[in-house]
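Quick note on numbering: our numbering labels position 11 of the sequence shown as 13, and the sequence is numbered without any gaps. Contents: one structure, followed by commentary.
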Amino acid sequence: MGDNPFFLLAFLSAFHIIGAVAVGYAIRGIWQVVRGEGQIGILQSLFFVAWGGIFGCAPFGFGADPTLPGWFLSAQITIWLLAFVIAGVFGREVLQWLQPLANVHVLLMAVGGLFALGGLIAGWTTFTQGIVWVALVVGVVFIIIGGVIFALGLSGLFKDYG
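Okay, structure coming up:
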């Protein structure tokens, strides 16, 4: 798993997306302030530009590693630019589209599913390396905890809409 560039790209993409969304949101806020429609302050926007720029762009250093494939850095840049454009240009429309998903139960389901998936990946990776007892402990514990969190979210969603 550590030698696979796809896993590294997936991990770093979380930082790129969060940072790019922060920068896109901030640039959109600065543009609104300039036009006189600002809902957020200029200092808050500048903070998000700086924070998002550092948080989202620092992982580009990994793309400069000569042991990684040539496509790696361009994939990182593409992911960052895509998140930036979506947040900066289409931010309000995306928020309206995602409004039905802005629910604590959906969040619980997502966190539980990701937790269980992480346990499955960690368990499978350690199992294929021959460390069976670690695979069982890590995999089973994470899958059970993630499954319980997912089930709590799902039952809450059924109670709200059922």
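Glycine included, every Cβ here is placed at the ideal spot set by N, Cα and C.
In the three-state scheme derived from DSSP, where H, G and I count as helix and E and B as strand, E39 is classed as coil. No Cβ-Cβ contact shorter than 8 Å links F74 with G21. Taken in chain order, the stretch 92 to 162 contains no complete beta strand (DSSP E) segment of 3 residues or longer. Here Y27 is buried, its C-beta having at least 16 other C-beta atoms within 10 Å. Here A85 is not near V150, since their CB atoms are 8 Å or more apart.
Counting only runs that start and end inside the stretch 45 to 79, the alpha helix (DSSP H) elements of at least 4 residues fall at 62 to 65. The Cβ neighbour count for L110, taken over all protein chains shown within 10 Å, is at least 16; the residue is labelled buried.
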